[in-house]
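J.: Residue numbers (our numbering): 753 to 1082. Backbone N, C-alpha and C fix where the C-beta goes; we use that ideal spot for every residue, glycine too. To start, I am sharing the structure in question, which I have written as C-alpha cells.
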Amino acid sequence: MHRRIPLATLATLSMLTLAACGGGEADPADYPDDDITLVVPFAAGGPTDTVTRLIAEPMAEELGTEIVVQNVEGAGGTVAAGQVADADPDGYEVLIHHIGMSTAPGLYPDLAYDPLEDFKTIGLVTDVPMTIVARPDFEPETLEELATYVEENADTVTLANAGVGAASQLCGLLIEQQLGVDLTEVPYDGTGPALTDLVGGQVDFMCDQTTNTAGQIQSGDIKAYAVTTPEPVEALPDLPTTAEAGWTDVEVGVWHGLYVPADTPDEIVEKLTGALEVALQDQNVIDSMADLGTTPSPAEDVTPDAHTAKLQEQIDLWTPIIEESGVTGG
C-alpha cells in the first residue's frame, strides 16, 4: 500500500533538490531581472562620478533595467573596491574605478583584495587627460616659468590633491620627481573641494582631470599650463602637452574600467561588456565626453582581455614608482 505524499511536501522536496543541484541559483540567462548598482569609489560630482552617470543611462537601456549609482568614498577607492570584491557574484553590483585600481597594490601593503585575482574585468571606458592648473593669480604664466618658480620656492609652494592614491596625488608625485623637489602637499576629500580652494587662492597649483577642469579653464577661473597626455586635447587646443614642454616624466591619463567579483559567470560579463560597448557608441556620451576633454575608449579596448592587459601593465608601471617615493596609504 502506497502512502500519498502531500503536495506541499513534494514542493518542499523539489526546492531542496534544486538547491542541492545548484538549481536555486539565479540563471545567467535571465540576467538582469533586477536593478544593478554601479559603485563609484569617489564623491558625487567628481570626475569619475561624471563619467559614470554618462554611461549609466544608455547601459541601463541596453540591459532593460535600472542602474543605480552608489558613491562609496574612502581610502583612495579601496573601500568601494573591497565592497564589490566581497559582493555576490551575480552581476548586480558593478564597480567603476580609475587608475587607482592599479596603484592600490603599491600604496596599501595590507590591501584586502587583489585587483587581478578578485575581479573580472568588463572593459575600458575612457582615458581622461589630466591638466596642470593653478590659482588664477599664481605668478608663473607658462610651464617653463612654473618649473623655475617651483624650484626656487619649493619650501613655500602648496600642491593640492584629492588624497593619497588619488590620480591628482600621483600626478603631483611625478611633477615632484620631474623637478627634483619636495613640496607641501595639501590633501582634500576629493578634487571638487580642492578645485574650489584653488579658484579661491587658498592653494597654489594641482593636477586634475579635464572632466573637472575644462570648464574652469575656458572661463578663466583657473590658470592652466599643460595636459599630461602625449596628444593635445581638442577641448583645450591652446594647452601644450607636458612632453612638448620637456616634462617627459609627467605623462599620466586617468583610465576608467568596469569590474565585477571574480566568480561572476562569463555570460553576465558578456552582457555587461555588450551594454558598455553600446553606451560608448551613444552620441550623447560621445558629445558629452568631448565637452569634458576626453573620448570613449575605442572598441578594441572595450573587452575584458584588453582591460586586464591594461590593469597588469599599469600595476607594473606604478608599483616601483610608488615604492621609490615612500608614499603609502596606510
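Quick one: using the 10 Å Cβ neighbour count with 16 as the cut-off for buried, is residue 842 buried or exposed?
T.: buried
J.: Do the region 830–839 and the region 1042–1054 make contact, defined as three or more Cβ pairs closer than 8 Å?
T.: no
J.: Should residue 975 and residue 881 be called a contact, given that it needs their Cβ atoms to be closer than 8 Å?
T.: Cβ distance not < 8 Å, so residue 975 and residue 881 don't count as in contact.
J.: Figure out for me which residue from 848, 781, 827 has the closest Cα to the Cα of residue 862.
T.: 827
J.: Considering only DSSP beta bridges, list what residue 1007 is partnered with.
T.: 879
J.: Could you please give me the residues that DSSP links to residue 845 through a beta bridge?
T.: 789
J.: So what does residue 823 bridge to, in DSSP terms?
T.: 792
J.: Looking at residue 1006: is its Cβ nearer than 8 Å to the Cβ of residue 850?
T.: yes
J.: Starting from residue 977, follow the beta strand (DSSP E) in both directions and report where the run begins and ends.
T.: Per DSSP, residue 977 belongs to the beta strand (DSSP E) from 975–979.
J.: Roughly how many whole angstroms lie between the Cα atoms of residue 886 and residue 869?
T.: 39 Å
J.: Just tell me which of 821, 865, 854, 797 has its CA closest to the CA of residue 789.
T.: When each option's Cα is compared against that of residue 789, the closest is 821.
J.: With distances taken Cα to Cα, identify the nearest neighbour of residue 875 among 1023, 1035, 903.
T.: 1023
J.: Could you please give me the residues that DSSP links to residue 959 through a beta bridge?
T.: 884
J.: On the premise that residue 1074 lies in contact with residue 859, defined as a C-beta separation below 8 Å, what is that separation, rounded to the nearest angstrom?
T.: 6 Å
J.: Considering just the uninterrupted stretch of the beta strand (DSSP E) at residue 938, what are its terminal residues?
T.: 936–939
J.: Using DSSP bridges, identify the partner residues of residue 1060.
T.: BP columns for residue 1060 are empty, so no partner.
J.: Here's the rule: buried if 16 or more other CB atoms are within 10 angstroms of the residue's CB, otherwise exposed. What is residue 854?
T.: buried
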